[in-house]
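Visitor: Numbering (the working numbering), first residue to last: 17 to 318.
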Amino acid sequence: MHQRLQRLLWSFVVLGALGQSQAASFYTVKRGDTLWSISQKSKISVEQIKKLNRLKSDTIYSGQKLKLANVQTVVKRNPPLPFAVALSTKKVLKVPVYAVHVNLAHKGVKVRPLLPSIGLGRGGAKLGYLAQRPNLIAAINGGYFHPQSYMPAGDLVVQGRQLAYGRIQTALSVTPDNKARIHHNTGSWKGYETVIATGPHVVQNGRLVVQPRVEGYRDPAVWGRAKRSAVGLVNNEYLIFMTSPQELSLAEVGKIMQKMKAREVILLDGGSSAGLVWDRKLIVPPARALSFGIGVFVGQKG
Numbered sequence: 017m018h019q020r021l022q023r024l025l026w027s028f029v030v031l032g033a034l035g036q037s038q039a040a041s042f043y044t045v046k047r048g049d050t051l052w053s054i055s056q057k058s059k060i061s062v063e064q065i066k067k068l069n070r071l072k073s074d075t076i077y078s079g080q081k082l083k084l085a086n087v088q089t090v091v092k093r094n095p096p097l098p099f100a101v102a103l104s105t106k107k108v109l110k111v112p113v114y115a116v117h118v119n120l121a122h123k124g125v126k127v128r129p130l131l132p133s134i135g136l137g138r139g140g141a142k143l144g145y146l147a148q149r150p151n152l153i154a155a156i157n158g159g160y161f162h163p164q165s166y167m168p169a170g171d172l173v174v175q176g177r178q179l180a181y182g183r184i185q186t187a188l189s190v191t192p193d194n195k196a197r198i199h200h201n202t203g204s205w206k207g208y209e210t211v212i213a214t215g216p217h218v219v220q221n222g223r224l225v226v227q228p229r230v231e232g233y234r235d236p237a238v239w240g241r242a243k244r245s246a247v248g249l250v251n252n253e254y255l256i257f258m259t260s261p262q263e264l265s266l267a268e269v270g271k272i273m274q275k276m277k278a279r280e281v282i283l284l285d286g287g288s289s290a291g292l293v294w295d296r297k298l299i300v301p302p303a304r305a306l307s308f309g310i311g312v313f314v315g316q317k318g
């Protein structure tokens, strides 16, 4: 990217975090609630809830009132961005990072899953092959999947239809009017055009949150050092997809994305799956076939 354009891009990354307000509230514990389930609803870490309420353990009881802060981030306005989709290739916190910046407010920009031609769960496909679509400008690897069946480990919604049901419930979701969220499934994905469930959460409401075991992850490969890909939100119209060829911890990914002003960040699949295509060129090649990819389109209709 030309240096002048790159400086302009990063100046708008900083502006993208402005125009936000936070609300505070209390929550009455219901039967069956846990600190983790309340954390997912309120977008506050378990440790923060414990700190706010001076809890020394994870034990809570029905009827208990818990003080919550920063329950919701309300975006008042999103500053206009000077691009539709842009690629930055630079070191962030001394780590080489490839980042695709996506402006969902720009007409014709879409983010959609890329499925193999043989269908989902019938075999994998190379990222370079998945990226051979009209109007596609960038593609990155998707979420976790079963190595034999190639079925996604999390929910997957494509053009409003749920094609996969998985155990991972935290997801990137996009509405038909092109607004994005990273949040936990509250029972249904109705009303969303695209949903890609993946994780774990590493930045939540602007704070570094690395608790893979609390989210239900048991595979040590998830929290070990590996090549990483992730997706983050600066606001509900500004997405960042990143990947790095350098092996990173979960906390390092979170800090890199925080540096780029992302306020919500979840991991995509990593290791041998980590890959990136830009303008039909394979920038970071995955070492294996994928269950699905994620495509960024410009000029896409319908």
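Cβ atoms here follow ideal geometry from the backbone N, Cα and C, with glycine treated the same way.
In this text the structure is predicted, and so the values were computed from the model without any measurement.
Below 8 Å on the Cβ atoms is my guess for Q185 versus E209; work out the distance and round it to an integer in Å.
Guide: Contact doesn't hold; Cβ gap of about 18 Å is too wide.
Visitor: Rounded to a whole number of angstroms, what is the C-alpha to C-alpha distance between V127 and K83?
Guide: Approximately 37 Å between the Cα atoms of the pair.
Visitor: Hey, quick one: how far does the beta strand (DSSP E) through P153 stretch, first residue to last?
Guide: Per the sequence presented here, residue 153 reads as Ile, with Pro not at that position. 152-157 is the span of the beta strand (DSSP E), which, as asked, contains I153.
Visitor: Using the Cα positions of F99 and N69, report the straight-line distance between them to the nearest angstrom.
Guide: In a straight line, the C-alpha of F99 is about 44 Å away from that of N69.
Visitor: Can you name, in chain order, every residue of its own chain whose Cβ lies under 8 Å from the Cβ of S133, other than the five neighbours on each side?
Guide: If we look at S133 and ignore the five residues flanking it on each side, its Cβ neighbours are A141.
Visitor: With H, G and I counted as helix, E and B as strand and the rest as coil, what does DSSP make of S104?
Guide: Strand.
Visitor: What does W52 pair with, by DSSP beta-bridge criteria?
Guide: Note: W52 sits in no beta bridge, so no partner.
Visitor: Starting from the Cα of S5, find the closest Cα among L103, V125, N201 and give me that residue.
Guide: With the chain covering only 17 through 318, there is no way to say anything about residue 5.
Visitor: Restricting to Cα atoms, I'd like to know which of L146, T50, K206, G159 is closest to G79.
Guide: Checking every option, the nearest Cα to that of G79 belongs to T50.
Visitor: Comparing C-alpha positions only, which one of I60, T44, V45 sits nearest to H217?
Guide: With distances taken between Cα atoms, H217 lies closest to I60.
Visitor: Helix, strand or coil for M17? Go by DSSP, reduced to three states.
Guide: Below a pLDDT of 50, predicted positions are generally treated as unreliable, and M17, at 43, falls in that range; the measurement from the model is reported next regardless. If DSSP states are grouped into helix, strand and coil, M17 belongs with coil.
Visitor: In whole angstroms, what is the alpha-carbon distance linking V125 and L143?
Guide: So the alpha carbons of these two residues sit roughly 20 Å apart.
Visitor: I54: which of H199, L179, A154 sits nearest, CA to CA?
Guide: Comparing Cα-Cα distances from I54 to each of H199, L179, A154, the minimum goes to H199.
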